[in-house]
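Heads up: the structure comes next, in structure tokens.
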Amino acid sequence: MVYEPREDSFLLRDKLLEQFKGKKIGVSVDIGTGSGIIALALSSFSEKIFACDIDAEAVKAAKQKLDSANAGNVNVFKSDLFKEFPGVKADLIVFNPPYLPLGEDDYYDESLHGGRKGVEVTVEFLEQAKEFLSENGVVFFVASSTADIPFLERKLKELKYRFEVIGKKHFFFEDILIYKARLS
Ligand SMILES: C[S@@+](CC[C@H](N)C(=O)[O-])C[C@H]1O[C@@H](n2cnc3c(N)ncnc32)[C@H](O)[C@@H]1O
């Protein structure tokens with residue numbers, strides 16, 4: 074299923090555009106591109122973008138969106154996190170992950186649920202991202218206050234990331250958090 078951009082997508086996109094205003098960077102990566110909204114924003118300040126999604130339908134939708142916007146610097150492909158990635162070193166890696174905790178009675182949705190704690194997919198992403206970050210590379214990702222945030226922050230420290238929350242907005246039943254992290 075293709076994730077229709079919503080408040081979390083817009084908050085992440087706006088934070089990225091704000092943080093990279095007036096800058097030009099080399100390689101960026103958009104994991105879980107969905108409709109391609111984040112990859113499109115990255116294309117305005119990056120020379121080359123690699124965007125992937127685990128969902129074939131999302132890959133198709135993102136390709137269409139980026140083609141119609143003439144974003145020729147984006148390479149979109151199907152991948153489970155970094156599995157199919159070429160050996161790139163990225164200045165910026167972004168992920169708006171499935172971040173909701175999966176409840177006992179929930180029907181699992183790959184675009185929404187990040188595991189029982191809501192952050193298992195994110196933690197796996199953070200582990201893999203280390204290999205693909207350039208020396209001064211930075212990671213941006215989304216989390217929800219409904220997830221196990223203490224567990225996430227413990228893992229960030231264990232993985233040797235320095236991090237801060239650079240955006241926070243309340244929507245309906247949760248706070249959406251935007252994290253910025255670098256390897257220390
Ligand atoms: C919350 S949506 C975000 C979509 C889009 N980036 C946005 O901000 O609107 C999460 C996306 O991650 C994708 N996804 C989930 N698990 C993934 C994985 N292991 N590897 C790559 N993509 C994944 C889903 O298919 C979905 O498109």
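Position one of the sequence shown corresponds to residue 74 (the working numbering), numbered consecutively onward.
Cβ atoms here follow ideal geometry from the backbone N, Cα and C, with glycine treated the same way.
On a predicted model such as this, the values are computed, not experimentally measured, just so you know.
>> Measuring only from the beta carbon, is L206 closer than 8 Å to any heavy atom that is part of ligand 1?
In response: no
> Within this structure, are the beta carbons of L206 and L256 separated by less than 9 Å?
Replying inline: yes
> Can you find a heavy atom of ligand 1 that lies under 8 Å from the Cβ of S101?
Replying inline: no
> Measuring CB to CB, does I104 end up less than 9 Å from F155?
Replying inline: yes
>> Less than 9 Å between the beta carbons of D164 and S108, yes or no?
In response: no
> Between the Cα of A129 and the Cα atoms of F213, D153, E177, which residue gives the shortest distance?
Replying inline: D153
> From which residue to which residue does the alpha helix (DSSP H) around I222 run?
Replying inline: 222-231
>> For a test of the three-state rule: what should DSSP assign to I239, helix, strand or coil?
In response: strand
> CB-CB under 7 Å to A216, same chain, minus the five flanking residues each way: which ones, in chain order?
Replying inline: Y172, V192, T195, I222, L225, L250, Y252
> Can you name the start and end residues of the beta strand (DSSP E) that V147 belongs to?
Replying inline: 147-151
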